[in-house]
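Quick notes on the structure that follows.
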Amino acid sequence: MSAIPNLKVQCPCGRIINHPSEYKLLLLKLEMKEIDILCPNDVCYLRELGYVKFDIKDSKLIFKEAAFYPPFVTWNASQFGSEKAAELLKTHLRILVSEVMDWPRIKETYFRYYTSSGARKEEGSEESGT
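Per the working numbering, the sequence shown runs over residues 3 to 132.
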């Protein structure tokens, strides 16, 4: 599917990431609608490598943006060169967002959290009385 046959990137901790499915995803910042992208190495000193942000509109999750943090990007640029690293990391984000992330489960978790806490306030919910 990908134009790049070798998707290997490396965390500064030394962990080789062969495929975007190896990242750990953490939905800790639910109120900020942000998912952390974590290094698969449990003892990584960086731990958090990037994020995926989403929005809510008409009870639907809408992808907003995804990015890796500068230390991870810079490390890979020093290993592979700027152009190749940029291409690899963009491909990782694209695959992560489109194939790896379980958006229906994220939506269910998000709405379950806000419904159970009674704090669900989605954008435009006051206006949609029809």
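For glycine and all other residues, C-beta sits at the position ideal for the given N, C-alpha and C.
- Taking the continuous alpha helix (DSSP H) assigned at GLU50, which residues delimit it? Per DSSP, GLU50 belongs to no alpha helix (DSSP H); it is in the beta strand (DSSP E), 50 to 59.
- Item | Cβ separation of PRO22 and HIS94, assumed to be a contact under 8 Å, to the nearest whole Å | Right, the Cβ-Cβ distance comes to about 5 Å (below 8 Å), so this counts as a contact.
- Straight-line CA distance for GLU50 to ILE64? Cα to Cα, the separation comes out at about 22 Å.
- Task: Could you confirm whether any beta carbon from chain D is found closer than 8 Å to the beta carbon of LEU95?
- Result: Absent from the structure is chain D; it holds one protein chain and no more.
- Whose CA, out of SER61, ARG17, SER80, VAL54, lies closest to the CA of GLU36? Nearest option by C-alpha distance: VAL54.
- Query: With LEU48 and PHE82 assumed to form a contact (beta carbons below 8 Å), what rounded beta-carbon distance in angstroms separates them?
  - Reply: Not confirmed; about 18 Å, so no contact.
- Bounding residues of the alpha helix (DSSP H) (the contiguous stretch that carries LEU90): 84 to 97
- Query: How would you write the range of the beta strand (DSSP E) that LEU32 sits in, first residue to last?
  - Reply: That residue, LEU32, is in no beta strand (DSSP E); it is neither H nor E in DSSP.
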